[in-house]
Amino acid sequence: MTKPDARTLMVRSLNETRLLHPPTYVALRLLADSIASEATSGWTPEAVLRKFPLQRTPRLFEIVRLKKALPGQQLEYRHYLIPSPMTSLAEAITLSELATTAPFRKSNRVFSHPWPRSPDYPYNFRYFMSGYKRRNRAIAAAFRRYPARIAVVTDIRRFYPSIRHDLLRDRFYSALDQSDVAVPIRDTAGMLLHHITAHFKGRGIATGPEFSHTLANVLLAQADRDLETRYPQSYFRYVDEIILVVDRRDQNSASQRIAAVLGDLGLELNADKTDVVSSEEWLGHGPPYRPASRKSFQALVFRLKLYIALRPRRFGELSSAFAAEGFNIPLGRIRTASTAGRFRKAVELYHQRGWKVVLEALLDTPASLARSAHQLRVNFLSRLSSLAAVAVPDGPTRRRWHVNRIRFLTNRLLYLAPISEWGLISEAISDLPEFADTNALLRLLRSGDVSTLLNMPGPAVTAAASLLHQIEGPRGQVELPSNLTFPQIHSASILLLFGVARGPVEGTFQTSESARDFLAFCSGQSRAVRSRNDFTYLDEIQSAEIIPNHDDFVEERLERDFFRLKPATVAAANQDG
337 MTKPDARTLM
347 VRSLNETRLL
357 HPPTYVALRL
367 LADSIASEAT
377 SGWTPEAVLR
387 KFPLQRTPRL
397 FEIVRLKKAL
407 PGQQLEYRHY
417 LIPSPMTSLA
427 EAITLSELAT
437 TAPFRKSNRV
447 FSHPWPRSPD
457 YPYNFRYFMS
467 GYKRRNRAIA
477 AAFRRYPARI
487 AVVTDIRRFY
497 PSIRHDLLRD
507 RFYSALDQSD
517 VAVPIRDTAG
527 MLLHHITAHF
537 KGRGIATGPE
547 FSHTLANVLL
557 AQADRDLETR
567 YPQSYFRYVD
577 EIILVVDRRD
587 QNSASQRIAA
597 VLGDLGLELN
607 ADKTDVVSSE
617 EWLGHGPPYR
627 PASRKSFQAL
637 VFRLKLYIAL
647 RPRRFGELSS
657 AFAAEGFNIP
667 LGRIRTASTA
677 GRFRKAVELY
687 HQRGWKVVLE
697 ALLDTPASLA
707 RSAHQLRVNF
717 LSRLSSLAAV
727 AVPDGPTRRR
737 WHVNRIRFLT
747 NRLLYLAPIS
757 EWGLISEAIS
767 DLPEFADTNA
777 LLRLLRSGDV
787 STLLNMPGPA
797 VTAAASLLHQ
807 IEGPRGQVEL
817 PSNLTFPQIH
827 SASILLLFGV
837 ARGPVEGTFQ
847 TSESARDFLA
857 FCSGQSRAVR
867 SRNDFTYLDE
877 IQSAEIIPNH
887 DDFVEERLER
897 DFFRLKPATV
907 AAANQDG
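Numbering (our numbering), first residue to last: 337 to 913.
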């Protein structure tokens, strides 16, 4: 099988960090220019494989994200360890090799983190929703075959933090011994294992690096085989969520079997998330498994991409039509994605198959696209209102389904509804603790109050920064306090990175030196010389070339419209899967 080239591996690293940690993504993009000439680059696979196994000190950067915000209780955070640019490249190189070896092949009953199907695929794993929907289709098919059965739904309690190092090392090196990977790959894989476990004592692997997913799958491989053998075509695992479709009389024995298999690995079931769901409930109210319709938000984005690709000179007219309706859709990013080779190949394939969405898109105008977006807005607001009017279902699984449906709508309405209608979103989610960060986002964008959101680092902060940058531009800057707690540092870093926040008017941030250096990087402040020289994560990102002008820094490095990689790499890096 053909192996990914250096550019594809760089793109996979970029895509790993893009959603995981935008500051690392920016640093990696700054470094990525050097792969333009593979003969002289210090970032070729061969160079990384020489250097990385000698790097005993992990270059992982600790951050937190909001995990839970319950009324009357302290905020709960999930800890992440973010791989440095070089660590991310080492992951991409090693994962691309392990993907082709039998010992690292997963059971077909495991639906998370499937390996890429082709060497030019721009991610380390296939798009996560493809595996999730494939699992949901498989469960629906099982229920149609056995309508009297139930689903025993559970997950592993504190999965990554509970993984025993001794068992993991034994199983990982056993799999490596059975594979035919070259010595440099083996050495790099071993060093990645060391880095990902070094932060913990005896138990736990880092949440954040994509290599951790492969380590977790290796640990569970025998458990997957045992449960698949015991429950053929009825066992389904997605990361740490395990579902068995069994006869109702086998409910207790199924739960006990899962607990026993996991217990052999020192893992436990999460009693708070263990549930039983009937076939009627799953088929009628469960997670989606059908393809997106021609009138979906996904179809609208596809039509926008195709329109811009076919009529690039009418982009200004399209932007004006959408601005007049109050839409916040990031058309600049969609324009960049429309140049991706994979998107254009997909259009050709869909056209050959006679898909109506392609034929209809060929007749689109700015007015027709704006009408479709408006119809989606009306439809989503109506559905959100209906969901808000019903009682939240009992049971962890049903509640999660209900919350996920609301989240699906609110996430899209942030881009479809004008700010004047965001009050309707706020009313629908105000009593749901799962949306504490979304409520804080709405508060910031409607009133300029950043105080609550600053304590809630995670996707909501990134969404708020992106929306502020798009709606307000440099005028939308919020002022940050000089004293920042650890969670606030990581919210502030995103706001600074997007250019929508400024530091204290007088003086500097009252934080540790390393935190100030990190925030300075996110602010786009250049350094003439290397300042740390300690071979840490911060040393690595500071060694990247920093663009002095912050407006250029944001536009060229974060919004991805003017990146200086060769066109093929730009297109692949901006393909959203």
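In this text, a Cβ means the ideal position worked out from N, Cα and C, and glycines have one as well.
From which residue to which residue does the alpha helix (DSSP H) around residue i run?
i: Ser-614; result: Segment 611-614 is the beta strand (DSSP E) holding Ser-614; no alpha helix (DSSP H) there.
i: Pro-421; result: 421-434
i: Tyr-361; result: 358-368
i: Arg-480; result: 464-481
i: His-826; result: 822-833
i: Thr-533; result: 519-533
i: Ile-761; result: 758-765
i: Lys-692; result: 692-697
i: Lys-387; result: 381-387
i: Tyr-496; result: 495-498
i: Ala-856; result: 849-858
i: Pro-545; result: That residue, Pro-545, is in no alpha helix (DSSP H); it is neither H nor E in DSSP.
i: Asn-588; result: 587-599
i: Ile-298; result: Outside the shown range of the chain (337 to 913) lies residue 298, about which nothing can therefore be said.
i: Ser-655; result: 651-660
i: Phe-508; result: 501-514
i: Ala-709; result: 702-725
i: Gly-926; result: Missing from the structure shown is residue 926; the chain here goes from 337 to 913 and no further.
i: Tyr-293; result: The structure shown does not extend to residue 293, since the chain is modelled only from 337 to 913, so the question has no answer here.
i: Leu-816; result: Counting along the chain, Leu-816 falls outside any alpha helix (DSSP H), and DSSP gives it neither H nor E.
Which stretch, first to last residue, makes up the beta strand (DSSP E) that contains residue i?
i: Ala-487; result: 486-491
i: Val-581; result: 577-582
i: Arg-647; result: Neither: Arg-647 is in no beta strand (DSSP E) and is coded neither H nor E.
i: Ile-399; result: 396-404
i: Glu-744; result: Reading off the sequence shown, one finds Phe at residue 744, where the question assumed Glu. Segment 732-752 is the alpha helix (DSSP H) holding Phe-744; no beta strand (DSSP E) there.
i: Phe-572; result: 571-574
Hey, residue i and residue j: beta-carbon distance below 8 Å or not?
i: Pro-840; j: Ser-818; result: yes
i: Asp-875; j: Pro-732; result: no
i: Asp-583; j: Arg-441; result: no
i: Tyr-459; j: Arg-348; result: yes
i: Leu-335; j: Thr-543; result: The chain is shown only over 337 to 913; residue 335 falls outside these bounds and no answer can be derived.
i: Arg-735; j: Val-728; result: yes
i: Ala-837; j: Gln-813; result: yes
i: Thr-490; j: Asn-588; result: no
i: Pro-702; j: Leu-636; result: no
i: Pro-419; j: Ala-511; result: no
i: Arg-573; j: Asp-562; result: no
i: Arg-713; j: Ala-657; result: no
i: Ile-541; j: Tyr-509; result: no
i: Ala-682; j: Leu-720; result: no
i: Asp-523; j: Pro-389; result: yes
i: Pro-666; j: His-531; result: no
i: Phe-447; j: Arg-470; result: yes
i: Trp-618; j: Ile-475; result: yes
i: Leu-831; j: Ala-880; result: no
To the nearest whole angstrom, what separates the beta carbons of residue i and residue j, a pair I think is in contact under 8 Å?
i: Ala-581; j: Phe-479; result: Rather than Ala, the amino acid found at residue 581 in this sequence is Val. Between Phe-479 and Val-581 the Cβ distance is about 7 Å, and since that is below 8 Å, they are a contact.
i: Glu-661; j: Ala-706; result: 5 Å
i: Arg-322; j: Arg-539; result: An answer regarding residue 322 cannot be provided, because it is not within the stretch 337 to 913 covered by the chain.
Where does residue i land, buried or exposed, given buried means 16+ other C-beta within 10 angstroms?
i: Gln-824; result: buried
i: Glu-433; result: buried
i: Arg-671; result: buried
i: Pro-483; result: exposed
i: Asn-553; result: buried
i: Pro-326; result: There is no way to answer for residue 326, as the model of the chain reaches only from 337 to 913.
i: Asn-444; result: exposed
i: Ser-718; result: exposed
i: Gln-846; result: exposed
i: Leu-364; result: buried
i: Lys-692; result: exposed
i: Tyr-571; result: buried
i: Thr-746; result: buried
i: Phe-889; result: With a pLDDT of only 45 at Phe-889, under 50, the local geometry of the prediction cannot be trusted, and no value is derived from it.
i: Asn-885; result: With a pLDDT of 44 at Asn-885, under the threshold of 50, the predicted position of this residue should be treated as unreliable, and no value is reported.
i: Arg-782; result: exposed
i: Asp-600; result: exposed
i: Val-597; result: buried
i: Thr-430; result: buried
i: Pro-340; result: buried
Are the C-beta of residue i and some C-beta of chain C separated by less than 8 Å?
i: Lys-387; result: The structure shown contains no chain C; it holds only a single protein chain.
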